[in-house]
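Engineer:
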Ligand code: BES
Ligand code: MN
Ligand code: ZN
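In this note's numbering, the protein residues as written are 143 to 624.
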């Protein structure tokens with residue numbers, strides 16, 4: 143991974159690549175004017191010929207000429223920069239920097255609060271690649287990024303942002319890994335190395351059945367890879383607030399006997415993005431040593447069609463005792479979450495947050511990059527909204543419409559696992575609400591933003607690690623409020 147370091151003056155840097163910001167209509171940002179002057183009068187014509195105007199998202203590399211830098215990258219920031227604009231610009235720069243051993247930048251000198259963190263995070267995430275399965279990965283030699291003219295105080299901000307970036311990249315790696323290499327058993331073991339301060343309990347299928355994790359067992363029944371419940375605790379001595387994160391961990395979702403069509407299955411190794419986000423966030427929170435108690439619960443299961451698979455019409459009892467008639471085995475996320483939420487509620491945290499690639503309906507409603515927020519507590523919803531906004535993750539609150547609850551009424555059990563056609567994301571949320579024992583709870587449906595269909599700014603095609611940044615920010619805010 144590229145190391146980000148506070149640097150000195152531009153003239154003293156020995157980096158190969160200089161990255162400088164430009165605002166709309168070729169208005170030079172910090173460090174760009176002097177660089178442009180030194181490069182010479184040809185520059186403006188060159189940039190114009192490449193239709194570079196300084197719009198957000200643009201980036202152009204030119205030879206360094208008489209400068210000590212071999213190359214100079216101009217990155218566009220548009221009319222006005224905020225933290226997200228900086229993250230995105232830094233992301234583009236991070237991706238482009240692959241062939242340069244060392245880079246230097248003035249991007250963080252743009253007048254935006256938290257600029258150093260934004261540039262660090264964007265750059266590291268933009269540089270991310272998933273190459274584990276390539277026989278001949280494209281080389282990336284970039285070892286260092288200097289933040290020019292940075293004060294000593296920059297180091298702490300760099301370290302914080304780096305810890306968060308590592309959490310996001312861990313989540314991405316797990317999401318991108320093929321399902322064959324992340325059985326519930328394997329994924330559960332991975333949770334053991336999130337940090338020495340995090341205790342990990344792995345409940346196997348025998349104990350899970352004994353404890354009454356009926357939803358997890360029902361979904362796991364169709365796979366030769368047995369399910370696991372992972373229960374993690376981060377409990378620093380001086381911690382006051384207490385939050386629980388519950389992440390959907392379906393390592394592959396075939397739909398079960400209510401089988402998905404082939405197209406619908408292509409991306410279903412990413413159906414454990416919620417669990418991955420919990421791992422990434424807990425790793426980052428522990429690395430940042432935030433004084434908050436965190437309970438992490440990730441039900442891990444594979445949704446398959448084996449001979450022992452649950453059938454439409456089968457009934458199970460969830461951990462909290464409520465019974466569920468399963469009419470569609472492809473609505474499996476809510477079944478494993480029922481147990482996960484039950485475990486979390488039993489611990490009586492101040493707040494429960496679940497994260498799940500739960501419904502295609504949420505993706506239909508909000509598109510590919512916006513997450514859906516639901517919850518039973520306005521204050522908790524507002525706190526998550528604020529954390530998401532600050533972290534630069536796009537989310538929108540949807541109604542937990544209680545009048546729809548009767549659509550989940552079952553003729554044989556306490557509820558069924560599907561409603562009718564409309565409002566699918568709301569019905570899923572209403573289902574989950576049955577398992578939180580009325581505690582403050584927020585549900586994040588990330589079916590859209592959990593994975594990206596294309597590479598842009600600091601996001602690479604594939605698993606995104608969406609919500610890791612929001613969860614860490616929320617933990618920070620809970621610590622501040624005490
Ligand atoms: N994992 C899917 C949801 C999903 C779909 C995530 C597309 C990402 C992209 C979930 O388990 C599922 O299959 N949901 C069904 C629910 C339905 C049967 C009520 C859906 O959304 O179609
Ligand atoms: Mn499904
Ligand atoms: Zn699923």
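C-beta: ideal position from N, C-alpha, C; glycine also.
For the 8 Å Cβ check, are there 3 or more pairs between the stretch 334 to 347 and the stretch 451 to 464?
Structural biologist: No, because fewer than three Cβ pairs between the stretch 334 to 347 and the stretch 451 to 464 fall closer than 8 Å, the two stretches do not touch.
Engineer: Which residue wins for smallest C-alpha separation from residue 467, given the options 476, 457, 426 and 565?
Structural biologist: Position 325 of the chain shown, counting from 1, holds the residue named residue 467. When each option's Cα is compared against that of residue 467, the closest is 457.
Engineer: Taking 7 Å as the cut-off, is the beta-carbon of residue 392 closer than that to any non-hydrogen atom of the ligand ZN?
Structural biologist: Numbered from 1 along the chain shown, position 250 holds the residue referred to as residue 392. Yes, since a heavy atom of the ligand ZN falls inside the 7 Å radius drawn around the Cβ of residue 392.
Engineer: To which residues does DSSP link residue 558 through a beta bridge?
Structural biologist: Locating residue 558 in the chain shown gives position 416, where the first residue counts as 1. DSSP output for residue 558 lists 467 as bridge partner(s).
Engineer: Using only CA atoms, which one of 211, 485, 151 and 591 lies nearest to residue 251?
Structural biologist: The residue you call residue 251 lines up with position 109 of the chain shown. The option with the nearest alpha carbon to residue 251 is 151.
Engineer: Just to be sure I understand the criterion: a residue counts if its Cβ is closer than 5 Å to at least one heavy atom of the ligand BES. Which residues meet that?
Structural biologist: Spelled out in chain order, the answer is 395, 413, 470, 472, 473, 475, 499, 501, 502, 560 and 589.
Engineer: Going along the chain, which residues of its own chain have a beta-carbon closer than 6 Å to the beta-carbon of residue 223, five neighbours each way excluded?
Structural biologist: What you label residue 223 is simply residue 81 of the chain shown in a count that begins at 1. Excluding residues within five positions, the ones whose Cβ falls inside 6 Å are 252 and 254.
Engineer: Between the stretch 184 to 195 and the stretch 234 to 248, are three or more C-beta pairs nearer than 8 Å?
Structural biologist: Verdict: no, contact absent.
Engineer: Which full runs of the alpha helix (DSSP H) of 4+ residues lie inside the stretch 508 to 552, going along the chain?
Structural biologist: Entirely contained in the stretch 508 to 552, the alpha helix (DSSP H) runs reaching 4 residues are, in chain order, 520 to 533.
Engineer: Note down the Cα distance separating residue 483 from residue 369, rounded to an integer number of angstroms.
Structural biologist: Residue 483 sits at position 341 when you count from the first residue of the chain shown. Residue 369 sits at position 227 when you count from the first residue of the chain shown. Going by the C-alpha atoms only, they are around 16 Å apart.
Engineer: Cα separation between residue 502 and residue 290?
Structural biologist: Within the chain shown, numbered from 1, the residue matching residue 502 stands at position 360. Within the chain shown, numbered from 1, the residue matching residue 290 stands at position 148. Spanning the two alpha carbons is a distance of roughly 45 Å.
Engineer: Along the chain, where does the beta strand (DSSP E) containing residue 587 start, and where does it finish?
Structural biologist: In the chain shown, counting from the first residue as 1, residue 587 sits at position 445. 583 to 587 is the span of the beta strand (DSSP E), which, as asked, contains residue 587.
Engineer: Rounded C-beta distance between residue 600 and residue 268? I'm assuming under 8 Å.
Structural biologist: Position 458 of the chain shown, counted from the start, is the residue given in the question as residue 600. Position 126 of the chain shown, counted from the start, is the residue given in the question as residue 268. Confirmed, Cβ separation roughly 4 Å.
Engineer: Near residue 205, what residues of its chain come up, given a Cβ to Cβ distance below 7 Å and the 5 sequence neighbours on each side ignored?
Structural biologist: Here residue 205 refers to the residue found at position 63 when the chain shown is read from its first residue. Cβ neighbours of residue 205 beyond the five flanking positions: 213.
Engineer: Look at residue 477 and residue 367 and say whether their C-beta atoms are less than 8 Å apart.
Structural biologist: Residue numbering aside, residue 477 sits at position 335 when the chain shown is read from its first letter. Residue numbering aside, residue 367 sits at position 225 when the chain shown is read from its first letter. It is not a contact, given that the beta carbons lie outside the stated cut-off.
Engineer: Just the Cα atoms here: how many angstroms apart are residue 170 and residue 238?
Structural biologist: The residue given as residue 170 occupies position 28 in the chain shown. The residue given as residue 238 occupies position 96 in the chain shown. Cα to Cα, residue 170 sits roughly 20 Å from residue 238.
Engineer: State the start and end residues of the unbroken beta strand (DSSP E) segment that holds residue 626.
Structural biologist: Residue 626 lies beyond the stretch modelled for the chain, which goes from 143 to 624, so this question has no answer here.
Engineer: Return yes when the C-beta of residue 422 is under 7 Å from any heavy atom of the ligand MN, and no when it is not.
Structural biologist: Residue 422 sits at position 280 when you count from the first residue of the chain shown. Flag unset: Cβ of residue 422 not near the ligand MN.
Engineer: Taking 6 Å as the limit between beta carbons, can you name the residues of its chain near residue 342, skipping five residues before and five after?
Structural biologist: What you label residue 342 is simply residue 200 of the chain shown in a count that begins at 1. The answer, listed in chain order, is 333, 334 and 374.
Engineer: Looking at residue 445 and the ligand MN, is the gap between the Cβ and the nearest heavy atom below 7 Å?
Structural biologist: In the chain shown, counting from the first residue as 1, residue 445 sits at position 303. Under cutoff, so the answer is yes.
Engineer: Does DSSP classify residue 414 as helix, strand or coil?
Structural biologist: The residue labelled residue 414 in the question sits at position 272 within the chain shown. The answer is coil: DSSP assigns residue 414 none of H, G, I, E or B.
Engineer: Helix, strand or coil: how does DSSP classify residue 499 here?
Structural biologist: Here residue 499 refers to the residue found at position 357 of the chain shown. Here residue 499 sits in coil by DSSP.
Engineer: Determine the closest residue to residue 273 out of 316, 329, 345 and 305, with distance taken between C-alpha atoms.
Structural biologist: For the purposes of this step, residue 273 is taken as the residue at position 131 of the chain shown. Measuring from the Cα of residue 273, the nearest candidate turns out to be 316.
Engineer: Starting from residue 394, trace the beta strand (DSSP E) both ways and give me its first and last residue.
Structural biologist: As a first step, residue 394 is located in the chain shown; it is residue number 252 there, counting from the start. Note, residue 394: beta strand (DSSP E), 391 to 395.
Engineer: My output table needs one value for residue 575: the three-state DSSP class, helix, strand or coil.
Structural biologist: One-based indexing of the chain shown puts residue 575 at position 433. Reduced to three states, the DSSP call for residue 575 is helix.
Engineer: Taking residue 367 as part of the beta strand (DSSP E), name the residues at either end of that continuous run.
Structural biologist: On the chain shown, residue 367 is found 225 positions in, with the first residue counted as 1. From DSSP, residue 367 is part of no beta strand (DSSP E); its letter is neither H nor E.
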